[in-house]
Amino acid sequence: MGNNGIHTAEQVITLHGEGKLHSTMLDKMGLSWERFDELYKAVLPLCTTPPMFGEQLLERLVSKDELHNTGSSGLDALLGGGVGTGQLTELVGKTSTFKTQICHQIAVIAALKQSSVLYLDTNNAFSPRRLADVLFAIEPSLESQRQADEVPPQLGCLLTNVRMQPVYTAEALLQALRSAQERMRTDVWSSTTPMATSELPGSLESSDEESVFWAQLRVVIVDSMASLILPILGRSATGHALLMHIVQLLRELATTHNLAVVTTNFLVQGDQDGPMAVRPALGATWAYVPSWSVLLSVDEDSHTGSAPDKGRMLRMNAELIKSPTQPLHRPVTCMLLG
Numbered sequence: 049m050g051n052n053g054i055h056t057a058e059q060v061i062t063l064h065g066e067g068k069l070h071s072t073m074l075d076k077m078g079l080s081w082e083r084f085d086e087l088y089k090a091v092l093p094l095c096t097t098p099p100m101f102g103e104q105l106l107e108r109l110v111s112k113d114e115l116h117n118t119g120s121s122g123l124d125a126l127l128g129g130g131v132g133t134g135q136l137t138e139l140v141g142k143t144s145t146f147k148t149q150i151c152h153q154i155a156v157i158a159a160l161k162q163s164s165v166l167y168l169d170t171n172n173a174f175s176p177r178r179l180a181d182v183l184f185a186i187e188p189s190l191e192s193q194r195q196a197d198e199v200p201p202q203l204g205c206l207l208t209n210v211r212m213q214p215v216y217t218a219e220a221l222l223q224a225l226r227s228a229q230e231r232m233r234t235d236v237w238s239s240t241t242p243m244a245t246s247e248l249p250g251s252l253e254s255s256d257e258e259s260v261f262w263a264q265l266r267v268v269i270v271d272s273m274a275s276l277i278l279p280i281l282g283r284s285a286t287g288h289a290l291l292m293h294i295v296q297l298l299r300e301l302a303t304t305h306n307l308a309v310v311t312t313n314f315l316v317q318g319d320q321d322g323p324m325a326v327r328p329a330l331g332a333t334w335a336y337v338p339s340w341s342v343l344l345s346v347d348e349d350s351h352t353g354s355a356p357d358k359g360r361m362l363r364m365n366a367e368l369i370k371s372p373t374q375p376l377h378r379p380v381t382c383m384l385l386g
């Protein structure tokens, strides 16, 4: 179907309703009208929202909510329990304020709970070794297997459930998000239509492993947004248009597919003194996008414990600067896994 320009559920509904699908195109896709009609009936409920009372909508949203721990009890408490699905959470801070460390911890904890994680890395900060270090910090009982050069099954699960994709341009990030969106839609189609996965034509074919990954996708991490967008944002309208396209896709992944979206951002010089002397990058266009924004900072001595590397704890300060439910501007000290 993708080879014939049909990529979304909305296109299936439009073609079916307007009778624009000719028998020649059906033959190219290897589908009969009856099969296409089955697909139409399967995707139609996914693109229509029946009327409901406000109380029903609230109950529906609460029942879908899922929190993903960050690996820091202090940060989880600040976020009302963790990083929430259906929302975009932004981690803001200067260089070396543990933004990437938190992203790795979120990925590990989600993966150990059999959730898939898509990690979009824009600056070569992703590290499988760091994932393993977080795992062994969470599960100290596995350290003996590590010392014996054995691979615990938890590590295999972790490496299967976390998928890293490098993206070095804004266009590449946009394409990666579009691909994720398409795969999520494809997974919905294959799981709701009576056709077997092996019978799906063209781009809808996928292996069992791929299907499982996308069916279990719960977290998308973009580390970091600003490093890609800032260099092109002020040059022309193209940069702003790219940012808006990326924002649209991030929001759709969060709300339509009920994913937890986490992005990192850094600070730039503001136009005012005092609290606004520095502000998150990407400007006013981006400022309204995150549901949650956490400002991270570190003291000069941010490490505790006697060991300089393994088993150390990392200390940071966290402050909510945007939240739909929690009080703002109340800094707390949080501990991370080193």
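Counted the way my numbering counts, the sequence shown spans residues 49 to 386.
Cβ atoms here follow ideal geometry from the backbone N, Cα and C, with glycine treated the same way.
{"Asked": "Quick one: what does DSSP say Leu307 is sitting in, helix, strand or coil?", "Found": "coil"}
{"Asked": "Does the separation of the CB atoms of Leu315 and Arg327 fall below 8 Å?", "Found": "yes"}
{"Asked": "Considering only residues of the same chain and omitting the five flanking positions on each side of Pro200, which have a CB-CB separation below 6 Å?", "Found": "Leu190 and Gln193"}
{"Asked": "Mind the definition here: the region 175-182 touches the region 216-225 only if three or more C-beta pairs lie below 8 Å; say whether that holds.", "Found": "no"}
{"Asked": "When you compare the region 254-264 with the region 279-291, are there three or more beta-carbon pairs, one atom per stretch, that lie closer than 8 Å?", "Found": "no"}
{"Asked": "Count the other CB atoms within 10 Å of the CB of Glu198; is the residue buried (16 or more) or exposed (fewer)?", "Found": "exposed"}
{"Asked": "Tell me the start and end of each unbroken beta strand (DSSP E) in the region 153-182 that is at least 3 residues and wholly inside, in chain order.", "Found": "164-169"}
{"Asked": "Nearest-angstrom Cα distance between Ala196 and Thr304?", "Found": "45 Å"}
{"Asked": "Looking at the structure shown, is Val270 part of a helix, part of a strand, or coil, going by DSSP?", "Found": "strand"}
{"Asked": "Going by beta carbon distance, what residues of the same chain come within less than 7 Å of Lys358, once the five residues before and after it are set aside?", "Found": "Legend: pLDDT at Lys358 = 49, less than 50; position of this residue unreliable, no value from coordinates given."}
{"Asked": "Three Cβ pairs or more, each shorter than 8 Å: is that satisfied between the region 169-176 and the region 125-137?", "Found": "no"}
{"Asked": "First and last residue of the beta strand (DSSP E) that includes Glu367?", "Found": "Met361 to Lys370"}
{"Asked": "In whole angstroms, what is the alpha-carbon distance linking Ile157 and Gln213?", "Found": "19 Å"}
{"Asked": "So what's His377 in DSSP terms, helix, strand or just coil?", "Found": "coil"}
{"Asked": "How long is the line joining the alpha carbons of Arg378 and Leu384, rounded to whole angstroms?", "Found": "19 Å"}
{"Asked": "With distance defined between alpha-carbon atoms, name the residue in Leu203, Leu330 and Ala335 nearest to Ile280.", "Found": "Leu330"}
{"Asked": "Kindly indicate which three-state DSSP category Asn209 falls into: helix, strand or coil?", "Found": "helix"}
{"Asked": "With DSSP run on the structure shown, which of helix, strand or coil describes Leu115?", "Found": "strand"}
{"Asked": "Name the two residues that bound the continuous alpha helix (DSSP H) containing Gln317.", "Found": "No alpha helix (DSSP H) holds Gln317; the beta strand (DSSP E) holding it covers Leu315 to Gln317."}
{"Asked": "Label Phe101 either buried or exposed according to how many other C-beta atoms from any shown protein chain fall within 10 Å of its C-beta, with 16 as the threshold for buried.", "Found": "exposed"}
{"Asked": "Please determine, among Thr234, Leu115 and Gly129, the residue with the shortest C-alpha to C-alpha distance to Ser259.", "Found": "Thr234"}
{"Asked": "Closest by CA to Ala302, which one among Gln229, Ile369 and Ser80?", "Found": "Gln229"}
{"Asked": "In this structure, does DSSP put Leu297 in helix, strand or coil?", "Found": "helix"}
{"Asked": "Roughly how many whole angstroms lie between the Cα atoms of Ser341 and Ser371?", "Found": "7 Å"}
{"Asked": "Give me the Cα-Cα distance between Val268 and Leu298, rounded to the nearest whole angstrom.", "Found": "9 Å"}
{"Asked": "Decide if Gly129 is buried, meaning its Cβ has at least 16 other Cβ atoms within 10 Å, or exposed.", "Found": "exposed"}
{"Asked": "In the DSSP output, which residue or residues are listed as bridge partners for Pro148?", "Found": "At residue 148 the sequence reads Thr, which differs from the Pro that was named. Thr148 is not bridged to any residue."}
{"Asked": "Measure the alpha-carbon distance for Leu79 versus Met232 and round it to whole angstroms.", "Found": "22 Å"}
{"Asked": "In the structure shown, what three-state DSSP assignment does Val260 receive?", "Found": "helix"}
{"Asked": "So, Val310 versus Leu139, is the Cβ gap smaller than 8 Å?", "Found": "yes"}
{"Asked": "Can you give the Cα-Cα distance for Gly287 and Leu276, rounded to whole angstroms?", "Found": "10 Å"}
{"Asked": "How long is the line joining the alpha carbons of Cys205 and Leu221, rounded to whole angstroms?", "Found": "26 Å"}
{"Asked": "Could you pull the start and end residues of the alpha helix (DSSP H) that Ser192 belongs to?", "Found": "Glu191 to Gln195"}
{"Asked": "What are the partner residues of Val8, as DSSP defines its beta bridges?", "Found": "Past the boundaries of the shown model lies residue 8; the chain is included only from 49 to 386, so the question cannot be answered."}
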